[in-house]
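Notes to accompany the following structure.
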Amino acid sequence: MKLFIINSLLTIALLNFAGITNLFSQECFSQVTISTNSAGSIIILNDSLVGKGNVNLKLEKGEYNLRIKEDVFRWNQEIFDTAFTISNCNEIKKISYNFKTRDLAATFPSTIKKFKNGNNNNSFLNSTLFKALIGTAVIFGGTSAYYKHLADENFDEYNLSGNKSYLDKTHKYDLISGLAFGALQINFGILIYYFLTE
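Position one of the sequence shown corresponds to residue 0 (numbering that gives the first Met the number 0), numbered consecutively onward.
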């Protein structure tokens with residue numbers, strides 16, 4: 000009977016000890032709250048995405064690297080990096096970061112146009128100068144092509160007949176064609192200049 004009582008007491012003592020150790024050996028967590036002023040911000044903890052905007056986490060003891068990105072789709076997003084340590088159980092830690100408010104144009108940069116003072120907001124494409132330059136380009140191009148064709152015909156006649164007057168006409172028509180082509184090049188240069196400065 001003594002042996003039975005001793006065994007019973009030992010069993011009760013072991014069970015109590017096991018219960019006490021289970022009570023004290025439970026995992027240790029701390030509450031961490033991370034908040035931002037941007038609902039679209041991305042919160043990354045130790046290279047793992049943990050949420051967007053504001054998150055509440057239960058973390059064990061240890062060191063953590065925190066990165067908050069303002070917005071995934073923003074081309075000039077602001078990034079906040081920090082590190083923190085949890086050294087005690089049941090610690091409550093609050094981390095807050097407010098991104099700077101910035102006003103960005105809601106348009107594509109190609110649609111933004113800066114007008115100079117006194118500009119009547121007319122496009123170069125609608126101006127009289129553009130129409131005149133296009134018209135003269137057609138005239139200079141046509142003139143150059145026409146006189147080059149005449150020069151080629153006269154040169155062919157000169158080759159067949161050997162008559163020097165055809166050679167003189169060839170030089171004359173080549174000169175006119177060259178001058179018209181030079182004027183055409185200047186005309187295109189002016190057009191390109193106005194396109195690039197607008």
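By construction, the Cβ of each residue, glycine as well, lies at the ideal position given by its N, Cα and C atoms. Keep in mind that this is a model prediction, so the values were computed, not measured.
In its chain, beyond the 5 residues on either side, Ser-122 and Phe-123 have a beta carbon closer than 8 angstroms to the beta carbon of Glu-197. Asn-36 is positioned such that its CB atom lies no closer than 8 angstroms to that of Tyr-63.
Only residues of its own chain outside the window of five on either side were considered, and among them Ala-179, Ala-182, Leu-183 and Asn-186 have a CB closer than 7 angstroms to the CB of Phe-139, listed in chain order. Its Cα nearest to that of Tyr-192, the residue Leu-132 stands out among Asp-155, Leu-132 and Ser-34. Boundaries of the beta strand (DSSP E) around Lys-51: 47 to 51.
Assigned with DSSP and collapsed to three states, Gln-76 falls in coil, not helix or strand.
With at least 16 other beta carbons inside 10 angstroms of its own, Ile-33 counts as buried. Shown here for Glu-90: same chain residues with a beta carbon closer than 6 angstroms to its own, the five before and five after excluded, namely Ser-29 in chain order. Excluding its 5 nearest sequence neighbours in each direction, Ala-136 has C-beta neighbours in its own chain below 8 angstroms: Leu-183, Asn-186, Phe-187 and Leu-190, listed in chain order.
Residue burial is scored here from C-beta neighbours: Asn-162 has fewer than 16 other C-beta atoms within 10 angstroms and is therefore classed as exposed. The Cβ atoms of Asp-167 and Ala-150 do not sit closer than 8 angstroms to each other.
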